Amino acid sequence: MTLRSSVGTLYKLGLRKGSVESLKTAYLMLDGVCMFNCSYCTHASTVKNLSYLSRVLWPEVEDLSFFFERLAHSDFERVCVQVVSYPKFQRDLFELIERLKASNKAISVSVRAVSVDLVNELFKRGVDRLGIAIDVVNEELFRKFRGGNLLELKRLIETSARSYVNRITTHIIVGLGESDKELFETMVWLRDINVETALFAFMPLKGTILESHPRPSIERYRKIQLARFLIYRGLERAIEFEGETIKNFKWLPSDSYRAFLTSGCPDCTRPYYNENPIGPLYNIHSEELLRAMSNSLEVIG
Ligand code: SF4
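Letter 223 of the sequence shown, counting from 1, is numbered 284 in my numbering, and no numbers are missing.
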């Protein structure tokens, strides 16, 4: 098993020296050579340097027993395991879940699930939440950038969400060529079937097929974050479209600045996962940072 950990997690566990963020989720990656070739992913089968996931460097955990011991004694509340789809990943994942259960943390697993059987098996083995990423919300772009059929994946998500109410999360990437309307409609559907949406801003990464594709503007990303926030509060009628594009918001709740916090499973903050620490921060990973930035945040309204 090749297990990697985000550096922030290692800092907090005292296994590396560095500035400690107030993380509640420990981030792990089960690594190998992926069977798929997503155009935006540093783990695609055609990319050479595999120790990154998105823009984050993931050092390998050298002493697994010591790592699990530190984890068990830490105040992390959740562990998130990102799983690369390498052959036989299931065997390693099941073993990892078994070892993680001893640490008494809630376990999130983010995996390219292809069957209900795998979903059932993971929950049976003690996973708290399952991340089944959509990534690309436009059907044609999904086929092009990710491969496979978006409608089939949506069927799997819906079936899983019916059996495991409020325990499924999906990842959506903003900025791959989709329209605001497509993001909006996908998030309304996800909300209606009780699936949580974790938003990511597209980040062009060296060595990937989309390394020259532009990032979404921060203004557009803020609008999509606000749309997500409103949708999950049942307030989507406040969103005004012009054609396929969000033009404005009729009104916004007084705490709408919270829309800019990282979204996803409870306590998931993913610090600097898809942004450079010098900014702009697409997902704001802490309440303190949000308060510090609140004066300068560009709120669309
Ligand atoms: S939302 Fe966060 S904790 Fe949940 S699966 Fe995604 S990265 Fe992991």
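Beta carbons: idealized from backbone N, C-alpha and C, even for Gly. Predicted model, so just to flag it, every value in this text is computed and none were measured.
Just how far apart, CA to CA, sit residue i and residue j?
i: Ser-83; j: Leu-291; result: 27 Å
i: Gly-75; j: Pro-265; result: 31 Å
i: Ala-87; j: Ser-66; result: 8 Å
i: Ile-195; j: Lys-78; result: 35 Å
i: Ala-222; j: Arg-228; result: 7 Å
i: Asp-153; j: Cys-326; result: 23 Å
i: Arg-294; j: Asn-335; result: 25 Å
i: Thr-306; j: Pro-341; result: 22 Å
i: His-274; j: Lys-205; result: 14 Å
i: Ala-105; j: Glu-348; result: 34 Å
i: His-346; j: Val-188; result: 24 Å
i: Lys-85; j: Phe-263; result: 24 Å
i: Asp-178; j: Leu-157; result: 18 Å
i: Glu-201; j: Val-235; result: 15 Å
i: Val-226; j: Arg-190; result: 10 Å
i: Ile-254; j: Tyr-147; result: 30 Å
Near residue i, what residues of its chain come up, given a Cβ to Cβ distance below 6 Å and the 5 sequence neighbours on each side ignored?
i: Glu-239; result: Val-198 and Asn-199
i: Leu-161; result: Val-140 and Ile-168
i: Ser-171; result: Gln-143 and Gly-192
i: Glu-24; result: Within the shown structure, residues of the chain are numbered from 62 to 362, placing residue 24 beyond reach of any answer.
i: Val-211; result: First, the residue type needs correcting, since residue 211 is Leu and not Val in the sequence shown. These residues qualify, in order along the chain: Glu-200 and Phe-203.
Suppose the cutoff is 8 Å on Cβ atoms and the five residues either side in sequence are ignored; what does the same chain contact list for residue i look like?
i: Gly-209; result: Phe-203
i: Val-256; result: Ile-218, Ala-222, Ile-229, Thr-230 and Thr-231
i: Phe-129; result: Arg-160, Leu-161, Ala-163 and Ser-164
i: Ser-176; result: Leu-217
i: Leu-350; result: Leu-342
Compute the beta-carbon to beta-carbon distance between residue i and residue j, rounded to the nearest angstrom, for a pair I have assumed lies under 8 Å.
i: Cys-95; j: Val-145; result: 5 Å
i: Phe-261; j: Arg-173; result: That pair is no contact at about 15 Å.
i: Arg-289; j: Ser-324; result: 6 Å
Identify, in the order they occur along the chain, each residue of the same chain with its Cβ nearer than 7 Å to the Cβ of residue i, setting aside the five sequence neighbours on each side.
i: Ile-339; result: none
Starting from residue i, follow its DSSP beta bridges and name the residues at the other end.
i: Arg-190; result: Ser-169
i: Ile-234; result: Phe-261
i: Leu-351; result: None, per the DSSP bridge assignment.
i: Leu-322; result: Ile-345
Residue ranges of each beta strand (DSSP E) run of no fewer than 3 residues wholly in the stretch 62-123, ordered along the chain? 63-66 and 86-92
Uninterrupted beta strand (DSSP E) stretches inside the stretch 122-164 (no shorter than 3 residues): 139-144
Where are the alpha helix (DSSP H) runs, 4 residues long or more, that stay fully inside the stretch 250-313, in chain order? 279-293
Starting from the N-terminal side, write out each stretch of the beta strand (DSSP E) that is 3 residues or longer and does not extend beyond the stretch 172-232. 190-192
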